[in-house]
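Here the structure is laid out as structure tokens; the discussion comes afterwards.
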Amino acid sequence: QQTGRLAGKKVVVSAGGTVEPIDPVRFITNRSSGKMGYALAQAAAEQGADVTLVSSSELPAPVGVAMVPVQSARDLLAAMTERFEDTDVAIMAAAVSDYRVATPADQKMKKNADHAGLTIDLVENPDILATLGQQKTTQYLVGFAAETQDLLTYAQNKLEKKNADMLVANDVSKAQVGFGHDTNEVTLLQRDAAPEKLPLQSKLALARDIMSRIATQVEGK
Ligand code: PMT
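UniProt numbering puts the first residue of the sequence shown at 181, with every later residue one more than the last.
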């Protein structure tokens, strides 16, 4: 029997940068170590939740967390939508590629003999957070915004357009913030509440703070 503020709740967290193949040896990805998503999964497990981490990162799973490995945005969409109906909290910490290669090559691509440049056609990927936002019934849906300018304007826009309940905004142009670091600094946006700034601290300490705000919204429901 689990104890904790999220005992009996199911939490699904996505982490890492999606991987979009160009050919069998090359790919396009987004910067993301997975550390922020893993810290959130650990913080949810500490609060007694039943946690699944859908991840393209190769970091080892936190104790007590179920892992679902994925590569592309479309893999991630399938893994998230499959679990969403039976989930209490879904958190999109993954850095999803907005585009993928239209037609990945079956064989390794060779250099052009005439030394000309190379153009690769990209097509738009599905927006997973927005898809979950459309399917949402009772779930509490959390998105992230990684921005390099106008952080709160873009984050507020994402909260509303993607129908999320909470948006965690990080300014990844700042030192020690965002991709790869062991620390992060974020502003939390929730509907009908003033933005709340959480200061620079370890990703695990920050994840525990974020999870405590989420628990306040979902416990007893
Ligand atoms: O993994 P780390 O190295 O620890 O770094 C953490 C982080 C910086 C990756 C993390 O804190 C973070 O900000 N993750 C979201 C990165 C991102 O893709 O942000 P975005 O502003 O492009 O996307 C907004 C939201 O929509 C995100 O929740 C994203 O998961 C989601 N999205 C984006 C595009 C898309 N096609 N589908 C999506 O679901």
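For each residue, glycine too, the CB sits at the ideal point set by N, CA and C.
Close-in-space but distant-in-sequence residues of the same chain around residue i (CB under 7 angstroms, 5 per side omitted)
i      : result
TYR334 : ALA325, GLU327
GLU304 : ASP278, TYR279
Where residue i falls: helix, strand or coil (DSSP)
i           : result
ILE394      : helix
ILE202      : strand
LEU369      : strand
ALA184      : The displayed chain sequence assigns Gly, not Ala, to residue 184. Three-state DSSP puts GLY184 in coil, outside helix and strand.
PHE359      : coil
VAL323      : Before going on, a small fix: residue 323 reads as Gly here, not Val. GLY323 falls in the strand class under three-state DSSP.
ILE208      : strand
GLN287      : coil
residue 457 : As displayed, the chain neither begins before 181 nor continues past 401, which places residue 457 out of reach and without an answer.
ALA349      : strand
Presumed contact (8 angstroms Cβ cut-off) between residue i and residue j, rounded CB distance
i      : j      : result
PRO306 : ARG263 : In fact, because the Cβ distance is near 16 angstroms, the residues do not count as touching under 8 angstroms.
LYS383 : MET272 : Not quite, the Cβ-Cβ distance comes to about 16 angstroms (not below 8 angstroms), so this is no contact.
LYS354 : ASP266 : About 37 angstroms; that fails the 8 angstroms criterion.
SER252 : SER237 : Wrong, their Cβ atoms sit about 14 angstroms apart, outside the cutoff.
ASN343 : GLY313 : 3 angstroms
VAL269 : ILE394 : 6 angstroms
6 angstroms CB neighbourhood of residue i in its chain, flanking five on each side removed
i      : result
ALA241 : MET247
THR209 : GLY197, VAL199
GLN370 : MET346
VAL322 : ILE271, MET346
GLY360 : SER213
heavy atom of ligand 1 below 8 angstroms from residue i C-beta
i      : result
VAL248 : no
ARG388 : no
GLY358 : yes
ILE308 : yes
MET391 : no
PHE324 : yes
LYS377 : no
ARG211 : yes
VAL352 : yes
ALA374 : no
ALA275 : yes
ASN343 : no
LYS316 : no
GLU340 : no
MET346 : no
SER194 : yes
ASN364 : yes
HIS295 : no
LYS215 : yes
TYR320 : no
Check whether residue i and residue j have beta carbons under 9 angstroms apart
i           : j      : result
residue 158 : LEU339 : There is simply no residue 158 to check, as the chain begins at 181 and stops at 401 in what is shown.
GLY188      : GLY228 : yes
VAL398      : LEU186 : yes
LEU332      : PRO375 : yes
ILE308      : SER235 : no
GLN319      : THR261 : no
ILE390      : ALA223 : yes
PRO204      : LYS288 : yes
Chain-order list of residues whose beta-carbon lies under 8 angstroms from that of residue i (same chain, five-residue window excluded)
i      : result
PHE207 : VAL199, GLU200, PRO201
THR283 : ASP301
Within-9 angstroms CB hit, residue i to chain D
i      : result
ILE300 : Looking at the structure shown, chain D is missing, and only one protein chain is on hand.
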